[in-house]
Amino acid sequence: HTSHATTAPATATGNQDEDVSSYGEGGFARDRAMERMAEQLRQLQDRVEGRPERRARGHPFAREILAAPLPANFKETNLVYDGSSDPSRHVRTFENMAVLHGYSDSVCCRAFLSTLRGGALDWFHQLPSGSIVDFEDFASKLTNQYSSAVAQEKTYLTLMAMKQGEKESLRKYVARYNKTCLEVHSASDEVKEGGLIRSLRAGSCRTSLAKTPARSYEDVLKRCRKYINLEEMEMEFANLEGVSQPEPKKEQNHPRGRSPRRNSPKRSERRRASPRRGKEVGITMRMPVISFKAEDAEGVVLPHNDALVITAEVAGFDVKRVFIDTGSSVDVMFYDCFVQINKELNMELKPVATALYGFNGGEVMPMGEISLPVALGLGELRKVRMVRFVVVGAESSYNIIMGWTSLNAFQAVVSTYHMTIKYPVGENEIQMIEGCEGRKFRIGKDLEEPIRSRLIDLVREFADIFAYTAEELTGISAEVIEHRLNIDLSVRPVKQKRRHHGAEMDKIIEQEVEKLLGAGHIKEIQFPEWLSNTVMVSKSEGKWRMCIDFRDLNKACPKDIYPLPRIDQLVDSTAGCELLSLMDASQGYHQIPLAREDKKRVSFVTSRGTYCYVVMPFGLKNAGATYQRLVDKIFKEQLGRNMEVYVDDMLVKSKEELDHVRDLKETFLTLRRYGMKLNPAKCSFGVRSGKFLGYLVTKRGIEVNPEKVRAVMEMKSPTNVKEVQILAGRIAGLSRFISKVAEKSGPLFKTLKKSAKFQWTEEAQKAFEELRGVLANLPLLAKPVQGEELVLYISIGERAVSSVLLREEGTEQLPIYYVSRVMQGAETRYSEIEKCALAVVVTARKLRPYFLNHKVKVRTNMPLGETLGRPSVSGRLVKWVVELSEYSLMYEPRRAIKAQVLTDFIQEGTKVEEESEGLW
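The sequence shown finishes on residue 920 if you use the UniProt record's numbering, and the numbering steps up by one all the way, no holes.
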């Protein structure tokens with residue numbers, strides 16, 4: 001069958017060429033005569049019917065191209081070219097596709113025409129009749145026409161000019177260098193190799209490559225990967241707390257268990273397996289309790305006298321036969337293992353003057369010592385510590401012996417009976433290498449007893465409210481809530497044509513569909529009413545998420561106006577609590593059933609078939625409102641008291657530490673009663689601070705989310721409008737913490753104005769750098785206390801009006817919220833007093849809940865209160881007076897600003913002294 005499929009197109013092409021050649025000039029002449037007659041008939045018909053005369057125009061393709069038949073299985077390509085990008089790249093991409101499908105030259109011409117859009121298509125139709133005779137001619141004409149869009153070819157000089165940044169990681173630089181190599185077509189492997197070595201920062205990787213010449217460029221990349229692993233492990237270790245190791249004087253060790261201490265008769269008797277239960281091991285320094293259960297010995301043949309041997313990652317290499325010896329005071333690496341590792345690292349041993357005792361009862365002089373990063377576990381179970389190995393030249397059946405010094409560094413507990421090591425991972429959770437993987441939860445690292453024990457017991461008691469797999473989701477009862485589309489029946493249903501994603505994406509979609517079928521979230525359907533397509537969205541780490549394009553369906557659904565909570569209020573009510581528990585529902589939307597009549601409407605198509613959801617999927621117009629309605633209903637007794645919920649983000653809060661277990665139990669009982677499940681991987685219990693709705697909430701107050709700051713700090717200077725828009729969005733997310741943000745970021749947003757060409761100015765760059773400096777020292781924000789009076793300072797700039805709402809605690813001034821807005825149009829021509837009033841109005845609109853629940857003192861040296869209180873006030877001020885009348889506002893003179901974070905508000909206006917006498 002395969003042979004037939006490949007030869008058939010060739011046969012068809014060959015016959016086609018024969019037909020064209022045998023057709024001859026006479027045949028073409030007859031065709032032209034017939035076309036002229038047809039055109040004359042059309043013109044005659046136009047004159048009879050009174051239509052304007054049409055101008056006959058020939059096609060730019062030669063007649064041979066137009067006469068060539070298309071293959072039976074011909075499909076239009078999805079390539080598009082409109083003249084705005086490099087034409088040669090478009091031609092190469094098309095040629096690759098044409099070769100894959102085996103297109104003839106004539107078919108290539110006609111298929112290539114279908115890729116042209118916009119100006120490129122207009123250009124084609126202006127070509128003279130019959131001027132294109134083959135595909136090479138077509139491609140040449142297109143490339144010449146849009147030669148100005150051809151990307152400038154990079155040369156080997158581009159590689160020679162590259163250099164690794166001072167803070168650029170080896171992984172990022174090698175990736176950047178490789179990408180540039182792909183754009184330099186003339187560079188040989190020798191040039192690439194030399195350029196990479198020369199451009200690396202001084203360090204062990206560059207030294208190794210310079211000392212030992214590589215066999216090829218691929219060999220250079222392979223050796224770089226080893227150093228990338230080493231660099232990342234060292235960085236990971238740098239973020240962890242170091243563990244001091246005592247200097248041994250006489251260090252005991254042994255290979256193959258030949259230590260007299262371990263081989264004594266009594267010792268050997270004790271090593272035999274016995275039917276007793278694993279004993280709980282208490283760890284000091286508030287470490288979690290680590291215990292062993294019968295299930296931990298699953299797969300172990302009992303009784304046994306086997307040594308515990310594992311595989312560990314050392315300096316980026318997987319090292320097998322690592323012997324765990326809890327009686328050894330030193331970590332030993334045997335020389336053969338060191339030689340294999342050091343082939344790539346080229347590290348030197350440090351001399352050791354202390355001998356080892358215990359090898360065959362004699363004394364062994366080490367060859368030296370070396371410190372290397374060691375990682376145990378995989379994925380989330382991974383833990384890295386730096387280990388100082390003594391390298392020994394003795395023979396051994398092991399590669400490494402890990403003694404109690406490295407085991408203590410990992411805080412590991414060993415059970416030779418269960419053949420298992422357990423150790424705490426991260427700061428807050430217990431995990432293990434073998435047994436019960438995944439069944440874990442996070443708790444606060446500094447909880448005191450007995451709260452810690454009570455909290456652990458509570459979470460274990462309510463283990464049934466966690467869903468570790470999709471199959472464990474039982475779902476909310478339809479009697480409690482179900483999602484309805486309330487679709488407008490007058491709208492005609494839309495069934496989208498299936499989109500093609502390619503073999504690789506189809507495989508990922510198939511896997512996702514299998515998961516949803518296994519969890520019971522979807523089912524196959526034969527006759528859907530509406531039909532949508534799958535859309536693949538890229539995630540971090542190269543993974544993909546399958547989404548459904550419900551845009552057509554959403555247009556036919558009315559908007560559910562159920563209100564979502566105000567994020568600022570939720571964050572304020574959370575700050576200042578002793579303990580918090582952050583929880584996230586496991587696939588929260590999928591826990592809500594879908595109305596029966598709507599299931600056939602929420603359908604999608606894949607390469608395997610059509611399916612419909614039986615639960616509420618992501619992407620529906622009113623899914624968020626339905627979920628908020630659910631959580632408001634089931635947690636109504638707790639909201640505002642000891643719990644806050646925003647859609648599927650849940651937080652239990654306790655003002656007093658001793659109340660937290662009780663508050664958490666009340667929440668767990670509610671979850672169990674309604675059958676809602678939590679995602680244990682995203683839950684943290686009994687923490688003193690946590691990220692909630694984009695903020696970091698603590699007992700002290702509200703702190704900025706460091707990830708949001710890092711996103712701006714790591715941005716490069718924008719090079720186009722889209723990057724400025726991304727920067728603007730990130731700054732907007734931090735605006736509550738930045739004083740006079742509109743004034744400071746004004747030069748950045750000037751670049752968004754419509755112009756022929758984007759231009760990043762020196763003024764914008766200076767503002768960007770100053771903004772980064774501000775982000776490095778953002779203040780801690782306070783939460784208002786119920787019933788207290790708040791204070792408002794205002795400031796008028798050249799481009800914006802700004803304010804800060806704060807509370808006073810004794811002599812301290814604590815900011816609550818910074819507000820800033822750019823003045824638009826006529827606002828820039830307001831008088832100074834009008835601009836001050838505008839600042840108050842803008843702040844009151846933005847912070848309406850604060851102004852409604854508190855008396856606010858507006859401190860200003862301008863006669864704002866007198867001006868707004870005049871009976872003769874008119875114009876826009878009248879409207880503002882009416883708007884501000886619902887708040888309890890008081891105006892008083894400014895006092896000295898004491899807080900460092902309020903220095904931007906020392907100057908209140910821009911022209912106070914000049915205008916004060918003339919206006920008042």
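Beta carbons: idealized from backbone N, C-alpha and C, even for Gly.
{"query": "Residue interval of the alpha helix (DSSP H) (run including residue 921)", "result": "Examination of residue 921 is not possible in this model, given that the chain is present from 1 through 920 alone."}
{"query": "Any 3 or more C-beta pairs closer than 8 Å across the region 626-635 and the region 558-570", "result": "yes"}
{"query": "Alpha-carbon to alpha-carbon, PHE94 and VAL133", "result": "18 Å"}
{"query": "Per-residue DSSP class, three states only, for GLU241", "result": "The predicted position of GLU241 is uncertain, since its pLDDT is 42 and thus under 50; a value taken from the coordinates is nonetheless stated next. The answer is coil: DSSP assigns GLU241 none of H, G, I, E or B."}
{"query": "Under the three-state DSSP convention, the category GLY102 falls into", "result": "coil"}
{"query": "N-terminal and C-terminal residue of the alpha helix (DSSP H) that THR180 is part of", "result": "170-183"}
{"query": "Top-ranked residue by Cα proximity to PRO706, from MET715, LEU696, LEU142", "result": "LEU696"}
{"query": "At least three beta-carbon pairs within less than 8 Å, the region 493-513 to the region 524-544", "result": "yes"}
{"query": "Range covered by the alpha helix (DSSP H) that runs through THR610", "result": "Taken as a continuous stretch (DSSP letters only), THR610 belongs to no alpha helix (DSSP H), being part of the beta strand (DSSP E) at 610-613."}
{"query": "Beta-carbon proximity check, THR143 vs PRO87, cutoff 8 Å", "result": "yes"}
{"query": "Among GLY624, LYS621, ASP598, ASN622, nearest to CYS612 - alpha-carbon criterion", "result": "ASP598"}
{"query": "Top-ranked residue by Cα proximity to ILE702, from GLY810, GLN569, MET583", "result": "GLN569"}
{"query": "Exposure label - ARG66; buried when at least 16 CB within 10 Å", "result": "For the record, residue 66 in the displayed sequence is Leu; it is not Arg. Classification of LEU66: exposed, given that the 10 Å Cβ count is below 16."}
{"query": "Residues that DSSP places opposite CYS547 in a beta bridge", "result": "VAL535"}
{"query": "Integer-rounded CB distance, given that LEU170 should sit under 8 Å from ILE228", "result": "5 Å"}
{"query": "Nearest-angstrom beta carbon gap, TYR817 and ARG895 [assumed within contact, 8 Å]", "result": "Incorrect: roughly 20 Å between the Cβ atoms, too far for contact."}
{"query": "GLY58 beta carbon less than 8 Å from that of GLY130", "result": "yes"}
{"query": "6 Å CB neighbourhood of LEU230 in its chain, flanking five on each side removed", "result": "ALA315, GLY316"}
{"query": "The region 761-777 in contact with the region 796-816 per 3-pair CB rule at 8 Å", "result": "no"}
{"query": "Spatial distance of ILE487 from ASP572 (CA atoms)", "result": "38 Å"}
{"query": "Residues near HIS418 in its chain [Cβ-Cβ closer than 6 Å; skip 5 each side]", "result": "PHE292, ASP296, ALA297"}
{"query": "For MET650, the three-state DSSP class (helix, strand or coil)", "result": "strand"}
{"query": "Closer than 8 Å to chain C by CB, LYS600", "result": "Included in the structure is just one protein chain, with no chain C present."}
{"query": "Residue nearest to HIS90 in terms of C-alpha spacing, selected from PRO69, LEU41, HIS125, ALA149", "result": "ALA149"}
{"query": "Simplified DSSP assignment, three categories, for SER84", "result": "coil"}
{"query": "Cα-Cα separation, LEU594 to ALA585", "result": "18 Å"}
{"query": "GLY118 (DSSP reduced to helix, strand or coil)", "result": "helix"}
{"query": "Which of helix, strand or coil DSSP assigns to ARG807", "result": "strand"}
{"query": "Spatially closest choice to LYS855 from ALA844, VAL841, TYR887, by CA coordinates", "result": "TYR887"}
{"query": "Distance between beta carbons of VAL332 and ILE400, contact taken as under 8 Å", "result": "7 Å"}
{"query": "Under 8 Å between C-beta atoms of LEU582 and LEU693", "result": "no"}
{"query": "According to DSSP, residues forming a beta bridge with THR698", "result": "SER689"}
{"query": "8 Å Cβ cutoff met for PHE685 and LEU407", "result": "no"}
{"query": "8 Å contact criterion, which PHE749 and VAL721 should meet: CB distance rounded", "result": "That pair is no contact at about 11 Å."}
{"query": "Classification of ARG442 by the beta-carbon crowding that lies within 10 angstroms, buried from 16 upward", "result": "buried"}
{"query": "Length at least 3, wholly inside the region 775-808: the beta strand (DSSP E) runs in chain order", "result": "790-796"}
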